[in-house]
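For the sequence shown, counting from 1, position 304 maps to 304 in our numbering; every step adds exactly one. Even for Gly, the Cβ is constructed at its ideal location relative to N, Cα and C. Here's the structure we're looking at; comments come further down.
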Amino acid sequence: MKLFYHFRSQMMKNTVGFKTKLFVFIYAAFAFCCTSAYAQQTIQMTAISGYAPVATWIREFRDYFIPEINKKLAVTGKYKINWNQAYSGQVANVGGELQAIQKGLADIGIVVLPLATDKVGLYAVSYYTPFVSNDVVLISKTIDKVAQKFPDMVRQWEQFNQKNLVTLGVVDTYHVLSRKAISKAEDFKGMKIGGAGPNLLWLQSMGATGVVAPMNEAYNALQTGVIDGYFIHSGAAQNVKLNEVAPYHVNTKAGGASAFAMSINLNTWKRLPDEVKTAITEVSKSFPDYLGKAARIDNDAGVKAYKDSKGTFVDISDDVRKQWAMSMSNIAQRWADDQEKQGYPGKAVLKAYMDEMRAANQPILRNWDRE
């Protein structure tokens, strides 16, 4: 009998020990599962552009901007973005990005400013102030600096349910790529020259007719003779191989412009955790400089492509440039007046922008705000 009770007591001890170990194992497994399940939150985001990644700004958005955000979030591991990258018009065609982001068809994307002047017109100031600067990074940063002084610039985006993260540019200066030889100002007369939109106003005083044509349509338009030339920077010309159909490269030195803005849907922005907002904001701040360097490399490659294809280079003389700049109607004042009619401080924004450029000692040929 004693043996039985001893055996029974030993069994109970073993059972209690087993239950304790089992409880500890189950608790540990549960804790591990919970940690695995809840340690990292995955956020879905759709990024768009109507352009293909062959374009400098989209290539670097894909290869730099997105990976840099991923790296920052990986430091803590709390959040991960699952990116749906939709380029080449998968969600929106060139010029349709702003509307797609507004409607929530996309979370983030690169808006083409010269094609959105009717919506966020204050951000297009550089397109109405040619012959001011060839430093595209400075131009972009100046626009964002001016925006900090004018809440209306922020509100222009907010009325379309989005926030501008950063203004961007790749255009150091616009050149005319032509099917025919150009050696003097008079040669522009009667030419049909394609371009993004507002910059076509730069050519009117030279007697040329501007034709709105997105960059991705330029090759066919030149090849078929729909246009005689295209107003573009060397890097983009290289991206779409315009040297094959426009053998004359006319260096106008007419100045650069900030062509893009990266915006994010406001609803998306509001629901993002602070850590994710911080990562996006920090990379946005570094992106203009990085993109500017990439653009310079592509612009140099564009020039080399022309040389390799035996293209003809024409430099517009300083005298012709000055004549050109001074013969233009004051498109900047017209732009400012138009913004004023819409209730926006166009004149004040123009003055603030030009003041910044003067302070930066830019090679200004015409002080648009002082006429």
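For residue i, which option in the options has the closest C-alpha, if you only look at C-alpha atoms?
{"i": "residue 329", "options": "202, 44, 151", "result": "202"}
{"i": "residue 313", "options": "219, 183, 294, 116", "result": "183"}
{"i": "residue 353", "options": "145, 40, 204", "result": "145"}
{"i": "residue 178", "options": "230, 92, 135", "result": "230"}
{"i": "residue 235", "options": "47, 170, 245", "result": "170"}
{"i": "residue 71", "options": "282, 195, 316, 246", "result": "282"}
{"i": "residue 275", "options": "360, 78, 119", "result": "78"}
{"i": "residue 205", "options": "213, 185, 196, 300", "result": "185"}
{"i": "residue 65", "options": "122, 168, 148", "result": "168"}
{"i": "residue 105", "options": "115, 91, 114, 95", "result": "91"}
{"i": "residue 109", "options": "278, 264, 320, 366", "result": "264"}
{"i": "residue 135", "options": "306, 295, 345", "result": "295"}
{"i": "residue 58", "options": "76, 39, 88", "result": "88"}
{"i": "residue 62", "options": "300, 291, 94", "result": "291"}
{"i": "residue 97", "options": "56, 42, 161", "result": "161"}
{"i": "residue 395", "options": "175, 307, 216, 300", "result": "With the chain covering 1 to 371 only, the question about residue 395 has no answer from this structure."}
{"i": "residue 239", "options": "194, 299, 197", "result": "299"}
{"i": "residue 344", "options": "156, 318, 67, 362", "result": "156"}
{"i": "residue 369", "options": "342, 333, 133, 222", "result": "333"}
{"i": "residue 319", "options": "226, 188, 117, 365", "result": "365"}
{"i": "residue 358", "options": "54, 125, 133", "result": "133"}
{"i": "residue 279", "options": "52, 51, 68, 187", "result": "68"}
What does DSSP give as the partner residue(s) for residue i in the beta ladder?
{"i": "residue 312", "result": "248"}
{"i": "residue 41", "result": "79"}
{"i": "residue 175", "result": "232"}
{"i": "residue 260", "result": "112, 168"}
{"i": "residue 161", "result": "According to DSSP, residue 161 bridges with nothing at all."}
{"i": "residue 48", "result": "86, 109"}
{"i": "residue 330", "result": "Residue 330 pairs with nothing; no bridge assigned."}
{"i": "residue 192", "result": "209"}
{"i": "residue 265", "result": "162"}
How is residue i classed by DSSP in three states: helix, strand or coil?
{"i": "residue 360", "result": "coil"}
{"i": "residue 79", "result": "strand"}
{"i": "residue 121", "result": "helix"}
{"i": "residue 22", "result": "Because the pLDDT of residue 22 is 47, which lies under 50, any placement of that residue in the model is unreliable, and the number read from its coordinates should be weighed accordingly. Three-state result, residue 22: helix."}
{"i": "residue 197", "result": "coil"}
{"i": "residue 27", "result": "With a pLDDT of 48 at residue 27, under the threshold of 50, the predicted position of this residue should be treated as unreliable, and no value is reported."}
{"i": "residue 113", "result": "helix"}
{"i": "residue 150", "result": "coil"}
{"i": "residue 240", "result": "coil"}
{"i": "residue 342", "result": "coil"}
{"i": "residue 367", "result": "coil"}
{"i": "residue 94", "result": "coil"}
{"i": "residue 134", "result": "coil"}
{"i": "residue 104", "result": "coil"}
{"i": "residue 255", "result": "coil"}
{"i": "residue 58", "result": "helix"}
{"i": "residue 180", "result": "coil"}
{"i": "residue 317", "result": "coil"}
{"i": "residue 278", "result": "helix"}
{"i": "residue 53", "result": "coil"}
{"i": "residue 224", "result": "coil"}
{"i": "residue 142", "result": "helix"}
{"i": "residue 288", "result": "helix"}
{"i": "residue 350", "result": "helix"}
{"i": "residue 272", "result": "coil"}
{"i": "residue 306", "result": "helix"}
{"i": "residue 214", "result": "coil"}
{"i": "residue 296", "result": "helix"}
For my contact list, residue i and residue j are in at a C-beta cut-off of 8 Å; report their separation, rounded to the angstrom.
{"i": "residue 112", "j": "residue 287", "result": "Not quite, the Cβ-Cβ distance comes to about 16 Å (not below 8 Å), so this is no contact."}
{"i": "residue 219", "j": "residue 241", "result": "7 Å"}
{"i": "residue 115", "j": "residue 196", "result": "7 Å"}
{"i": "residue 442", "j": "residue 198", "result": "Since the first and last residues shown for the chain are 1 and 371, residue 442 lies out of range."}
{"i": "residue 166", "j": "residue 284", "result": "4 Å"}
Quick one: is residue i near chain B, going by C-beta distance under 8 Å?
{"i": "residue 239", "result": "The displayed structure is made up of one protein chain only, and chain B is not part of it."}
Exercise. Contact between the stretch 243-259 and the stretch 131-146: three or more CB pairs below 8 Å?
Worked result: yes
Exercise. Are the stretch 257-276 and the stretch 204-217 touching, with three or more C-beta to C-beta distances below 8 Å?
Worked result: no
Exercise. Are there three or more Cβ pairs, one per stretch, closer than 8 Å when the stretch 77-86 is compared with the stretch 44-52?
Worked result: yes
For this session: Spell out a yes or no on whether the stretch 217-230 and the stretch 240-251 are touching, meaning 3 or more CB-CB pairs, one atom from each, closer than 8 Å.
Result: yes
For this session: Take every Cβ of the stretch 122-130, pair it with every Cβ of the stretch 343-350, and state whether three or more of those distances are shorter than 8 Å.
Result: yes
Problem set entry | Cβ contact (3+ pairs, closer than 8 Å) linking the stretch 324-340 and the stretch 118-125 | yes
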